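In the numbering used here, the protein residues as written are 2 to 561.
Ideal Cβ positions, reconstructed from N, Cα and C, are used throughout, including at glycine.
Please read all numbers here as calculations on a predicted model, not as lab measurements.
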């Protein structure tokens, strides 16, 4: 109830389980996919049998798995998959994992041929090695440096590898295969062999990325790692540009462009369809000048936004937001402004959202703002609005829908929180969570995701440690990739979480295509197979892969 209201308890019932308590109510407590027999269908032309190497060694186990499977180094339980089929569209990147588990200490050389379809078409491929960070006594995979030379594996542990594959725009459709060879580094004997496959669908993702992303990326954090190791082959901002371009290749926008707005070279990025967001005040100190430059092109205007106030949790910060909005109304007509927030304070005669409506048109909040009231029994649930605020103004989802009709956008963001039962991008989280978090953007009609930092490295070698910022379980918060300086390279090192995040962003692209081709109901049905609200979603790797394949199939069918 609201302030001053009386509440009377007329009965108290006790139950052993939530299922029992909600047994007579119309509430589905199951996760999507639980009890489902949905599985990935066999692909014609694929040999699923285990192959025998010339010097087959039974003391070494080799198996494949989905990219979302996060296997700790001490886990040697095989998935039973002797091969893998990667499904992908043109103009995209996809991947899978394979693992080696020897009974005794060994060193292996791992090679993979080009993926080829037998008709002269090939796919760009890279082999990555999973690096394990020590987190709360567990060795957890995250950093993904490229395979370079022999890899040592301790007996009784597993070593993961990632097969990363690129398909060009209008890539020839069909089945491609490659040969994986595992050689004992000491004897030179070929101890394991396997086939890996890629099925390319007869359509391509557009260069324009449907989901807006805005990720901070510290320039000094990047440059200092190279200076500390005496690597000075690139100028300061040229080095930043390498990392920016890496994220962009993975359909993620760092929100500071490599060039200032008054630098002529910035036009190449402003015109790039993959660049769909940037913070104007990070690349321009003059709001009026920024408006003059960006208004030359309507698409440029739609990509840029202002970000002056972060997480306003008191009236002082809200007043700063109002001051920025009032100023921008004069200097930058039609401005777009974001102020990520996770509270909804009651102010004088209105709540925080009502106050912010005059100054914000990108509504960026944490997923728990969308938590359904009927899921309050789930441990760890949070609510941003009160029941009284919902009664007065409507639920958060209803308010965002109304604002969307006025041209506003809804975005989501995560940081060290929320933790379970919400999907996040933390190292201790399930590998499905980065994918699911993007599907939840579609579910909540959110068109963007913001993240506070991708390169907040605190340790000398963060791939080994990943010190948490807040609490005991926030390892990986603020880190989506690693400096290539750690291995003497100017190329960034990807992470397990970034790879899955990109796959989720590509799924969002597919869902948008399905929505445009068939209708919103078709996309909604697909999303409901993965997540039905922000605390109810699948974490079943096999099931998620099967749904993703089904999504490819539905888009391909709609395009026929």
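As the crow flies, the alpha-carbon of residue 368 is around 23 Å from that of residue 304. Apart from sequence neighbours up to five positions away, the residues of its chain that approach residue 51 with a beta-carbon distance below 6 Å are 83, ordered along the chain.
For residue 505, the enclosing alpha helix (DSSP H) covers residues 497–518.
A Cβ-Cβ contact shorter than 8 Å links residue 322 with residue 357.
It is roughly 18 Å from the alpha-carbon of residue 264 to the alpha-carbon of residue 243. In the structure shown, the three-state DSSP call for residue 337 is coil. Rounded to the nearest angstrom, the gap between the Cα atoms of residue 43 and residue 168 is 21 Å. Counting every other CB atom within 10 Å of its CB across the protein chains shown gives residue 426 a total of 16 or more, marking it as buried. For residue 185, the enclosing beta strand (DSSP E) starts and ends at 175–185. Relative to residue 405, the option among 447, 513 and 486 whose CA is nearest is 447. Contact between the stretch 168–184 and the stretch 433–447 is not established, with fewer than three Cβ pairs separated by less than 8 Å. Of the other Cβ atoms in all chains shown, fewer than 16 fall within 10 Å of the Cβ of residue 378; this residue is therefore exposed. Here residue 124 is actually not in contact with residue 145; their C-beta atoms are around 19 Å apart, not less than 8 Å. Under DSSP, residue 66 shares a beta bridge with 98. By the beta-carbon neighbour count (other beta carbons within 10 angstroms, threshold 16), residue 230 is exposed. Residue 252 sits in coil when the DSSP states are folded into three classes, being neither helix nor strand. Put simply, of 463, 456 and 362 the residue whose alpha carbon is nearest the alpha carbon of residue 449 is 362.
With fewer than 16 neighbouring CB atoms inside 10 Å of its own CB, residue 459 falls in the exposed class. Of the other Cβ atoms in all chains shown, fewer than 16 fall within 10 Å of the Cβ of residue 560; this residue is therefore exposed. Counting every other CB atom within 10 Å of its CB across the protein chains shown gives residue 500 a total of 16 or more, marking it as buried.
Along the stretch 365–443, the alpha helix (DSSP H) occurs as fully enclosed runs of 4 or more residues at 388–394 and 397–405, listed in sequence order.
For residue 28, the closest C-alpha among the options 548, 498, 374 and 410 is that of 374. Secondary structure at residue 92: coil, using DSSP grouped into helix, strand and coil. In the three-state scheme derived from DSSP, where H, G and I count as helix and E and B as strand, residue 244 is classed as helix.
According to DSSP, residue pairing for residue 107 in a beta bridge involves 154. Leaving aside the five residues that flank residue 60 on each side, the residues in its chain whose CB is nearer than 8 Å to its CB run, in chain order, 103, 104 and 105.
Note that the stretch 83–95 touches the stretch 156–168; at least 3 beta-carbon pairs, one per stretch, sit closer than 8 Å.
Counting along the chain, no beta strand (DSSP E) covers residue 221; the unbroken alpha helix (DSSP H) around it starts and ends at 220–228.
A contact between stretches requires three or more CB pairs, one per stretch, nearer than 8 Å, and the stretch 210–226 meets this requirement with the stretch 508–519.
Annotation: the continuous beta strand (DSSP E) that includes residue 167 extends over 160–168.
Straight-line measurement puts the Cα of residue 223 at about 37 Å from the Cα of residue 548. By the neighbour-count criterion, in which 16 or more other beta carbons inside 10 Å mark a residue as buried, residue 461 falls on the exposed side.
In this structure the stretch 293–308 touches the stretch 317–337; the number of beta carbon pairs closer than 8 Å is three or more. Collapsing the DSSP output to three states places residue 360 in coil. A straight-line Cα-Cα distance of about 29 Å links residue 65 and residue 489. Cα atoms of residue 107 and residue 558: separation of roughly 47 Å, rounded to the nearest angstrom.
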